[in-house]
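Everything below concerns the one structure shown next.
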Amino acid sequence: MLRPERMSKTTLLFLKSDTEEVLDSLNKQGAFHITIKSGDTTSDVLSRVSTLMNRIDVLIEQSRAISGLSELPSPQIFPFEAHDWPSFLQAVEKEVEGYENRIKEIDLSIKTEERFKSFISLWSPFIEGLKKTLSIETFPAFKRLSFLTLYQKELRPTPLSLLLPHPSLVLTVASKPAMVLVVFLKEDFDKIRRAAEEAGYAQMPILEDMPEDFKEIPKVMESAEKKLKELSLKNEEFRRSFMASLPRLLYLKGLLSDANSLITIREGATFEKRWMILEGYVPSKNLPSLISDLQARVNGRIVFSSKEEHSSSQVPVMFRYPKFFKLFESITNLYGTPSYTELNPTPILAITFPFFFGLMFGDLGHGLMLAALGFIFYRYTKSLSKIGIFLMICGIAGAIVGAALYGEAFGKHIGYHTVFSPGEDLMSLFKFSLYIGVAQISLGLALLIINNLIQKKKADAFLVNVPKLLLYLLFMYVVFNFGLNINQWFTGPIFYILGPAIFMLIGKPIWALIKHGRKEFLSVFGEIGFEVFDTMIRFVSNTVSYLRIFAMVMAHIQLTAVFYSLGTIAGEGMVGMIFSAIMAALGNIFVVLLEGVLVLAQDLRLHFYEWFSKFYEDGGVRFSPFRLTFGVPIIKR
């Protein structure tokens, strides 16, 4: 758990013609982390793949918009075989082009349907209103007069009638929206159009071959309604068709993603005439089965060499631990990925993180409330389910610590004797917070020593970091037992500090003098001198930082007490009881939400800044085995 899986650096040598077979086998094994050279240029084939993926993304979004789907369906695997990359890309391009043509056809049909809907929705009330105003059959056909049908598109302050030229006549046909028939001289058409635009009116939509005679419009409406019904049925069929096409499009996108990975590997790998060389890392325990499968797949036409790695920090890392510890890996990764040559702090973090949270949030009632909130997130929200698990763990930790150490529930003392009484005995909790700091910082230095040994830096381990740990522990011992009375220190306790400080100051410089000479001695002596001073100052400030545990406990209790005090303002009686209950409920909810966020931030700070900074270098490479979404899309024959 603390150390990563042992990795073997493995080199595979095989025929170029077997590339797809080898990669397909590696994909099924899922245990080979490929390392390839990164190139600055992108080949034409990769550009085609990228372009096709972008085109499919556009098609998927258009299909979702047309079908009205909020969530994408699962990809559906269809038979798809090609014998080389050009034929594969050509087949995909042909299929994508077919979908694009269908999308254009559907889009045009939907726009036509919308145009008919708009036409009918405006002209139906217009014709009905016109029938009530005038007789369409007896509508006069004046030679010098023209007619314009308008509807109000947006509200403007100036009425249309005040903007029209004279002579002209406005007949209001409908009110919602406002529809008018304007009668005017034919030569005033441009003036009428400008006046309509200024008043916020637009011309009624018309269809192709729209007759000018109003007597023909009812027939046009009847034909338009029939056409709209046909278009609606047709477009509904189109929508169902594209809903059925979405799984296929998602499958094509997955195939192209696999093709992109495969072609990138082919172009980044090393070639020697007819041979291809592929390098990567394999968990040592998976190596025999991987090699056996590869040899069977290509009938023995493969040569391999492997060497187990022990000291390179660039080796990808993979850790195995119980699910509970796995939950806290995401917190470690916020700081960085552990390298191959250092200890993984996640298993320790999985214990200390909830414990520290419980210390700062220690309250039986509030802890259970936070755990209940976490359960709601976990049970009823997919996106917040992982956060819900963290809240449940931290809430339970707060409830346990609140009941066992503090005896607090909803900001009030439960009534039995506990280890600490935060409202009464402040000094005990004050000291306990500092002891926690000393313990965690010492653990960090101990882990640093182990990392030095793993990295074969024995001089740093025994000549720098072991005396540094002793210096810190003895310094804190003197402070806790003799206080800050410097005069008393010089009666004897000062020698506890001077011993490891002097050893740290001269140990590594002497080693550097013996091994590298005088020049290196002076350089190392200067560095160590600063490090001794830095250890004294920085580590003390780091330890004091753990008083935030004490501060958060006090803030938690006092903030809850404020709301209980506010509840007594209304006095006694029924009103006072109701007001007090409301304030208590709201106050406890507010404290849980506010303190939960604050305690989480302080918990992260104590682990990242005060603890991780002592030993954790991060900068590791996460083990990412070669995997494809659907497999190798081309089959050699």
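Letter by letter, the sequence shown follows residues 1140 to 1776 of the working numbering.
Ideal Cβ placement from N, Cα and C applies to all residues, glycine included.
Model, not experiment: these values are computed from the prediction.
From this set, the options, which residue's C-alpha is nearest residue i's C-alpha?
i       : options                               : result
SER1156 : TRP1224, HIS1172, ALA1510 and GLN1168 : TRP1224
SER1703 : ARG1379, LYS1233, ILE1175 and LYS1551 : The residue you asked about is not Ser; residue 1703 is Tyr in the sequence shown. Ranking the options by Cα distance to TYR1703, first place goes to LYS1551.
GLY1504 : ILE1490, THR1699 and ALA1600          : THR1699
GLY1638 : GLU1468, SER1260, PHE1614 and SER1182 : PHE1614
ILE1356 : ILE1259, PHE1765, GLN1627 and THR1557 : ILE1259
ALA1542 : SER1423, GLY1527, TYR1755 and VAL1558 : VAL1558
ILE1173 : SER1362, VAL1184, ILE1416 and THR1311 : ILE1416
PRO1561 : LEU1385, LEU1523 and PHE1500          : PHE1500
ALA1489 : ASP1742, LEU1544, SER1226 and PHE1689 : ASP1742
LYS1446 : SER1380, PRO1427 and PRO1306          : PRO1427
VAL1231 : VAL1454, ARG1194 and TYR1748          : ARG1194
LEU1568 : ILE1653, TYR1685 and GLU1666          : TYR1685
GLY1706 : GLN1697, ALA1690, VAL1692 and ALA1723 : ALA1723
MET1192 : LEU1228, ALA1170, ASN1425 and LEU1584 : LEU1228
ASP1502 : VAL1730, PHE1529, ALA1598 and PHE1762 : VAL1730
VAL1605 : MET1382, ALA1640 and PRO1486          : ALA1640
ILE1266 : PHE1171, LEU1385, SER1314 and VAL1692 : SER1314
LYS1233 : ASN1399, ILE1708 and ARG1187          : ARG1187
TYR1474 : SER1380, PHE1754 and GLY1339          : PHE1754
ALA1694 : PHE1153, SER1164, LEU1733 and ILE1667 : LEU1733
PHE1286 : THR1251, ARG1295 and ARG1332          : ARG1332
ASP1599 : LYS1647, TYR1616 and VAL1184          : LYS1647
SER1680 : LYS1654, LEU1745, ILE1653 and ILE1728 : LEU1745
ALA1363 : TRP1414, LYS1256 and GLY1207          : LYS1256
MET1675 : ASP1183, VAL1618 and LYS1167          : VAL1618
ILE1470 : LYS1596, ILE1526, GLY1668 and SER1450 : ILE1526
Who does residue i pair with in a DSSP beta bridge?
i       : result
GLY1419 : THR1149 and ILE1173
PHE1443 : LEU1151
HIS1746 : HIS1746 is not bridged to any residue.
SER1285 : PHE1323
HIS1552 : GLU1547
ARG1241 : Paired residue(s): none; ARG1241 is not in a bridge.
ARG1761 : VAL1456
THR1311 : VAL1319
PHE1133 : Residue 1133 is absent from the model: the chain starts at 1140 and stops at 1776.
SER1291 : The residue you asked about is not Ser; residue 1291 is Gln in the sequence shown. TYR1340.
TRP1414 : LEU1154 and GLU1411
ILE1773 : ALA1221
Using a Cβ-Cβ cutoff of less than 6 Å, which residues in the same chain neighbour residue i once the five nearest sequence positions on both sides are dropped?
i       : result
SER1444 : THR1150
LYS1330 : PRO1304
GLY1759 : VAL1456, THR1476, PRO1477 and SER1478
ASP1246 : none
ILE1688 : LEU1498, MET1499 and SER1572
Tell me which same chain residues have a C-beta within less than 8 Å of the C-beta of residue i, skipping the five on either side of it?
i       : result
VAL1701 : GLY1726
PHE1621 : GLN1627, TRP1628 and PRO1632
GLU1670 : VAL1603, LYS1607 and MET1643
ASN1374 : ILE1245, SER1248, ILE1249 and GLU1252
ILE1528 : LEU1466, GLY1513 and TYR1517
Got a sec? Which residues, its chain only, sit under 7 Å from residue i by beta carbon, not counting five neighbours each side?
i       : result
ALA1651 : GLU1659, PHE1660 and VAL1663
LYS1148 : TYR1420, SER1445, LYS1446 and GLU1448
ILE1242 : LEU1198 and GLN1201
If you count every other CB in all the chains shown that lies within 10 Å of the CB of residue i, and 16 or more means buried, which is it?
i       : result
MET1508 : buried
PRO1422 : buried
TRP1262 : buried
ASN1624 : exposed
MET1713 : exposed
TRP1750 : buried
ILE1575 : buried
SER1213 : exposed
LEU1764 : Per the sequence presented here, residue 1764 reads as Pro, with Leu not at that position. Under this definition PRO1764 is a buried residue.
GLU1563 : exposed
When you measure from the CB of residue i to every non-hydrogen atom of the ligand COA, does any distance come out below 7 Å?
i       : result
SER1423 : Among the ligands in the structure shown, none appear at all, so the ligand COA cannot be discussed.
*Would the stretch 1455 to 1467 and the stretch 1730 to 1740 be scored as touching if the rule is three or more Cβ pairs under 8 Å?*
no
*Say whether the stretch 1490 to 1505 touches the stretch 1515 to 1534, bearing in mind that this needs 3 or more beta-carbon pairs closer than 8 Å, one atom from each stretch.*
yes
*asked:* Closer than 8 Å is the cut-off here; do at least three beta carbon pairs connect the stretch 1585 to 1592 with the stretch 1715 to 1732?
replied: no
*asked:* With a threshold of 8 Å, are at least 3 pairs of Cβ atoms found where one atom belongs to the stretch 1569 to 1587 and the other to the stretch 1428 to 1442?
replied: no
*Do the stretch 1386 to 1395 and the stretch 1203 to 1220 make contact, defined as three or more Cβ pairs closer than 8 Å?*
Of all C-beta pairs linking the stretch 1386 to 1395 to the stretch 1203 to 1220, three or more are shorter than 8 Å, placing the two stretches in contact.
*asked:* Contact between the stretch 1309 to 1321 and the stretch 1285 to 1293 is defined here as three or more beta-carbon pairs at a separation below 8 Å; is this criterion met?
replied: Contact holds: three or more Cβ-Cβ distances are below 8 Å.
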